[in-house]
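Visitor: Numbering-wise, the sequence shown is residues 1 to 122 according to UniProt numbering. C-beta: ideal position from N, C-alpha, C; glycine also. Nothing here was measured: the structure is a model prediction, and the numbers come from that model.
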Amino acid sequence: MCATIRAAGLPEYTCNVVLLKELVAKLPSRWVAEYLSMLTRKSKWFEQVRPIQVGDLVVVVDSNLSRISWPKGLVIEAVRAKDGQVRQAVVQTTNGIYKRPATKLALIEIEKKMLTGAEKDK
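#1: Mind checking which residues open and close the beta strand (DSSP E) that includes Q92?
#2: Taking Cβ to Cβ, would you say V91 is nearer than 9 Å to Q53?
#3: Between the C-alpha atoms of A25 and A33, what's the straight-line distance to the nearest angstrom?
#4: Rounding to the nearest angstrom, what Cα-Cα distance links R67 and P51 in this structure?
#5: Grab the span of the beta strand (DSSP E) containing I68 for me, first residue to last.
#6: Near I110, what residues of its chain come up, given a Cβ to Cβ distance below 8 Å and the 5 sequence neighbours on each side ignored?
#7: Does the Cβ of R100 have 16 or more other Cβ atoms within 10 Å, making it buried, or fewer, making it exposed?
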């Protein structure tokens, strides 16, 4: 079975619907295995990491939930300790507002790219 995918401003794609359904079904397990496990590694011991800031998108690590169920949220306040390091953050999720230690937050890095006028016209 084939279908054509059309979206405004994008080229037309013809795909196999069965393959597309399989890929969509595998997405949650691949998210956990390939991306989420990379986010939660303890890189702070090996390399300098950017502190959590207001406006960051994070995953709230919760040992009582499976990884796929960890809530995602937006940092609305970064709480600094006396030494100037961010030790806690206040996170807005769909389930409410939580104050969590920075060690229990995994930053989802999103590349922010500003398009110039010339790039928008392409």
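Guide: Quick answer:
#1: Counting along the chain, the beta strand (DSSP E) containing Q92 begins and ends at 86-93.
#2: Cβ distance not < 9 Å, so V91 and Q53 don't count as in contact.
#3: One C-alpha to the other measures close to 14 Å.
#4: Between R67 and P51, the C-alpha separation is close to 23 Å.
#5: Looking at the DSSP string, I68 is not in any beta strand (DSSP E), and its letter there is neither H nor E.
#6: Taken in chain order, the residues that qualify are L57.
#7: When all chains shown are included, R100 counts as buried.
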